[in-house]
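Student: Handing you this structure, nothing more for now.
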Amino acid sequence: TQLLEQSPQFLSIQEGENLTVYCNSSSVFSSLQWYRQEPGEGPVLLVTVVTGGEVKKLKRLTFQFGDARKDSSLHITAAQTGDTGLYLCAGVWSNYQLIWGAGTKLIIKP
Amino acid sequence: DSGVTQTPKHLITATGQRVTLRCSPRSGDLSVYWYQQSLDQGLQFLIQYYNGEERAKGNILERFSAQQFPDLHSELNLSSLELGDSALYFCASSPHATVGEQYFGPGTRLTVT
Chain A
1 TQLLEQSPQF LSIQEGENLT VYCNSSSVFS SLQWYRQEPG EGPVLLVTVV
51 TGGEVKKLKR LTFQFGDARK DSSLHITAAQ TGDTGLYLCA GVWSNYQLIW
101 GAGTKLIIKP
Chain B
111 DSGVTQTPKH LITATGQRVT LRCSPRSGDL SVYWYQQSLD QGLQFLIQYY
161 NGEERAKGNI LERFSAQQFP DLHSELNLSS LELGDSALYF CASSPHATVG
211 EQYFGPGTRL TVT
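So the protein sequences, as listed, match chains A and B. The numbers in our numbering rise by one with no breaks, and the one at position 84 of the first sequence is 84. Start counting at 1 in the second sequence, then tack on 110, and there's your number in our numbering.
Encoded structure:
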């Protein structure tokens, strides 16, 4: 069974702080996607990382794919209340299916 | 707005009943994926269709079925509903036959009483 573990499951911090969330697996993925989901809405794709060691930046969000393509991290600098949401990672394991993590629920307090 | 539409937005029904959820993909997308998300849990992949053909199956119960029509819209049929089927059901579309980025609809919240 291919598993993607996300940690922490829940994180509540003050606005302006930095944070990192993780997505780990024992399996190698050809690529990995990060999504953000707000309450009552569908997930929205943030980024796809493909190459081992790849780093992508999206404003204050920095995504990294591990060298061995088994893990990934999302770092948020100076968090804002608008960053609140459920962050999901999904690994491409086969051509037909994404393997989804259970998500990190992030709350940014004003 | 992802361009994916789902109807209805909310559905309340009784145990034992049957319901149909509808999804229209983004213009030009040939793949449709269906997911189930229970409270505070991640996404469970149910099934994928590509250009009218079933492409992949995930953890879909035998009581559930889906199809994709020639105009590319898709329907997910849930029958003999149980309390545990209460969840958010999402449809996602993609231009790819194989896995790539997916664009999610707003979901249908199903409540089985």
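In this text, a Cβ means the ideal position worked out from N, Cα and C, and glycines have one as well. From a predicted model like this one, the values you see are computed outputs, not experimental measurements.
Is the beta carbon of arginine 219 (chain B) closer than 8 Å to that of leucine 198 (chain B)?
Tutor: Their beta carbons are under 8 Å apart, which means leucine 198 (chain B) touches arginine 219 (chain B) by this criterion.
Student: If you measure from the beta carbon of leucine 46 (chain A) to each beta carbon in chain B, is any gap under 8 Å?
Tutor: Output row for leucine 46 (chain A): interface = no.
Student: Keeping to the same chain, check which residues put their C-beta closer than 8 Å to that of glutamine 147 (chain B); ignore five residues upstream and five downstream.
Tutor: Cβ neighbours of glutamine 147 (chain B) beyond the five flanking positions: Leu153, Gln154, Ala197, Leu198, Tyr199, Phe200 and Gly217.
Student: My output table needs one value for glycine 40 (chain A): the three-state DSSP class, helix, strand or coil.
Tutor: Correct three-state label for glycine 40 (chain A): coil.
Student: Put glycine 85 (chain A) into one of helix, strand or coil per three-state DSSP.
Tutor: Three-state result, glycine 85 (chain A): strand.
Student: Is there a C-beta anywhere in chain A that falls below 8 Å from the one on alanine 166 (chain B)?
Tutor: Alanine 166 (chain B) counts as touching chain A.
Student: Which residues bound the beta strand (DSSP E) around glutamate 164 (chain B)?
Tutor: Looking at the DSSP string, the run of the beta strand (DSSP E) that includes glutamate 164 (chain B) is 163-167.
Student: Any beta carbon from chain B within less than 8 Å of glycine 103 (chain A)'s own beta carbon?
Tutor: Yes, glycine 103 (chain A) lies at the interface with chain B (some Cβ there is under 8 Å from its Cβ).
Student: From leucine 191 (chain B) to serine 25 (chain A), what does the alpha carbon distance come to, in whole angstroms?
Tutor: When rounded, the distance between both Cα atoms is 34 Å.
Student: Could you list which residues in chain B have their beta carbon closer than 8 Å to that of glycine 42 (chain A), in chain order?
Tutor: Those are Ser112, Val114, Phe200, Ala202, Phe214, Gly215, Pro216 and Gly217, listed as they occur along chain B.
Student: In chain order, which beta strand (DSSP E) runs of at least 3 residues are fully inside the region 182-216 of chain B?
Tutor: Here the runs fully enclosed are 184-188 and 197-204.
Student: Hey, how far is the Cα of arginine 128 (chain B) from the Cα of histidine 120 (chain B)?
Tutor: Cα to Cα, arginine 128 (chain B) sits roughly 15 Å from histidine 120 (chain B).
Student: So the candidates are A:Val21, A:Val28 and A:Gln9; which of them puts its Cα closest to the Cα of glycine 68 (chain A)?
Tutor: Correcting the residue type first, residue 68 (chain A) is alanine in the shown sequence and not glycine. Residue A:Val28 is the option with its Cα nearest to alanine 68 (chain A).
Student: Kindly indicate which residue of B:Gly194, B:Tyr213 and B:Trp144 has the alpha-carbon position closest to the one of glycine 126 (chain B).
Tutor: Minimum Cα distance to glycine 126 (chain B) is reached at B:Gly194.
Student: Taking 8 Å as the cut-off, does the region 75-95 of chain A touch the region 12-24 of chain A (at least 3 CB pairs, one atom from each stretch)?
Tutor: The region 12-24 of chain A is in contact with the region 75-95 of chain A.
Student: When Cβ atoms are compared, which residues of the region 139-153 of chain B fall closer than 9 Å to chain A?
Tutor: Against chain A - using a Cβ distance shorter than 9 Å - the residues of the region 139-153 of chain B are Tyr143, Tyr145, Gln147, Asp150, Gln151, Gly152 and Leu153.
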